[in-house]
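Following: one structure in structure tokens, then a few remarks.
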Amino acid sequence: MIAMNTYSFLFLVFVGLMLGLELWLARRQLRHVRLHRGRVPPPFEDHISLAAHQKAADYTVAKLRLGIASEVFGILVLLFWTLGGGLAWLDGFWRNWGWSELGTGVAVLLSFVFIGAMIELPLRIYRIFVLEQRFGFNRTTGRLFLQDLFKQGVLIFMLGIPIAAGALWLMGHAGGYWWFSLWLAWLSLAVFMMWAYPAFIAPLFNTFTPLADEDLRHRVEDLLSRCGFKSQGIFVMDGSRRSGHGNAYFTGLGSNKRIVFFDTLLESLDPDQIEAVLAHELGHFKRHHIFKNLLVMAMLSLGGLALLGWLSAQPAFYQSLGVNQPSNYMALALFMLVTPVLTFFLHPLLAYISRRYEFEADEFAAKMANSQALVQALVKLYKENASTLTPDPIHSAVYDSHPPAPVRLAHLQTHGAN
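If you're matching positions, the sequence shown starts at 6 in this note's numbering and goes up one per residue.
So, in structure tokens, the structure goes:
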């Protein structure tokens, strides 16, 4: 443990306030979902059975309890790395090897990420093989889990070394405004990964096959034409290898844009409903939500890196978080740790923006497809994904990226064009 100073105390207070607020919100959600467990909300009474509604409530409660445990555990890990001296020990371990500052920094950052992933592994295993299994969603085998883990580790190693080395080199050689150069490099990498992910990374974990249903493919192509959307192809992903949850999305940039359906989604929805769900996803494209999200991400990252540029020059930043020997890589590691704490109070704003985008995409889908088919599809997805129909309003306002089910359906019924 390190000696506490004023900044360390303030950091502890801020972390305590964040954790206290999270626990209060979680208790509200638990109480609200349990209170409404015994009755299906009126808009869904004819479509969702009481047993399905209760399953969704129990699933929500189970996920929330695991989330509470994860948050408390995450705070303990944060304190271990900082005030507990974990980062300082890791730094000292790699410094003893006598490598260059750049080599030491890359080793510290990669081992920090690796150890963090290993610390979180038990909770990840519990979520997949206990919680998801109990509610009938898990289809991941132990063999597949280990294969995924190995592939993720290789990717982190292959991509992490050049990314960490490039970031540390810029911090050491790009002058006083290195944070701006680093932001430009990070933004370029983010855009490149959006382009490269669907073609080069996603296929490492899932199989993507062209949509074989000719009638459905023609309907989808007609919808894409009406929406002015050009894609590389329409694919079906074997999501059922890992989970019973269903979804549809489009991904990529430029020539690598593609439409992806989970095979589980195609099994549960009829063609009208599939078309309506895809129209919603295309609504995000036509309403420029992807670009807007990228712009918000770019502005937040620019502000964050500018803050890091200032903090990295402040000895108190290191000392108050358990690091006695300042360095560029320690600044990066500390900033990675404290960023979730610093950005926690942005959640309500970002969640509000996301929910507004969902409403806009729904309105677009209601114009381009059958709005009642979209309503029917959403109800099916709520049921089959065991999504709660009765979230606590305050908890939802802080965390939820999608509107609560009753609110979303009422909005659709009001703005539906057909």
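Cβ coordinates follow ideal geometry from the N, Cα and C atoms, glycine included. It should be emphasised that the depicted structure is a prediction, and the values quoted were computed from it without experimental measurement.
Check: Below 8 Å, can you find three or more Cβ-Cβ pairs linking the stretch 305-315 to the stretch 271-289?
Finding: no
Notebook entry, point to check: According to DSSP, is S376 helix, strand or coil?
Noted result: helix
Next item on the list: Note down, in chain order, each residue of its chain lying with its Cβ closer than 8 Å to the Cβ of L187, except the 5 sequence neighbours on either side.
Entry: A172, L175, M176, A179 and L310
Margin query: So, with DSSP's three-state summary, where would you put T214?
Written below: strand
Checklist line | Outcome for T395 when other beta-carbon atoms lying within 10 angstroms are tallied against a minimum of 16 | finding: buried
Item checked: Bridge partner(s) assigned by DSSP for V265 -> F240 and Y254
Checklist line | Which of helix, strand or coil DSSP assigns to S306 | finding: helix
Next item on the list: Specify, as a first and last residue, the run of the alpha helix (DSSP H) that P409 falls within.
Entry: Neither: P409 is in no alpha helix (DSSP H) and is coded neither H nor E.
Note to self: Let me confirm a value: S54 is counted as buried when at least 16 other C-beta atoms fall within 10 Å, else exposed. Which label applies?
What the structure shows: exposed
Notebook entry, point to check: What's the gap between the Cα of L228 and the Cα of T256?
Noted result: 17 Å
Item checked: Alpha-carbon to alpha-carbon, F266 and G251 -> 8 Å
Next item on the list: Would you mind sorting T87 into buried or exposed? The rule is 16 or more other CB atoms within 10 Å of its CB.
Entry: buried
Check: What is the residue span of the alpha helix (DSSP H) that W200 lies within?
Finding: W183 to A201
Notebook entry, point to check: Hey, is the stretch 270-286 in contact with the stretch 362-369, meaning 3+ C-beta pairs nearer than 8 Å?
Noted result: yes
Next item on the list: With DSSP as the reference, label S359 as helix, strand or coil.
Entry: helix
Checklist line | Reduced DSSP secondary structure (H/G/I, E/B, other) of S248 | finding: strand
Next item on the list: For N143, write down the residues that DSSP places opposite it in a beta bridge.
Entry: S248
Checklist line | Cβ neighbour criterion (16 or more within 10 Å) applied to I497 | finding: Examination of residue 497 is not possible in this model, given that the chain is present from 6 through 423 alone.
Next item on the list: Mark D51 as exposed unless 16 or more other C-beta atoms lie within 10 angstroms of its C-beta, in which case mark it buried.
Entry: exposed
Margin query: By the DSSP assignment, the alpha helix (DSSP H) with Q330 in it spans what residues?
Written below: Where Q330 is concerned, there is no enclosing alpha helix (DSSP H), given that its DSSP letter is neither H nor E.
Check: Of the choices S75, F78, I80 and R42, whose alpha-carbon is the least far from that of Y64?
Finding: R42
Note to self: Can you look up S317 in the DSSP assignment and give me helix, strand or coil?
What the structure shows: coil
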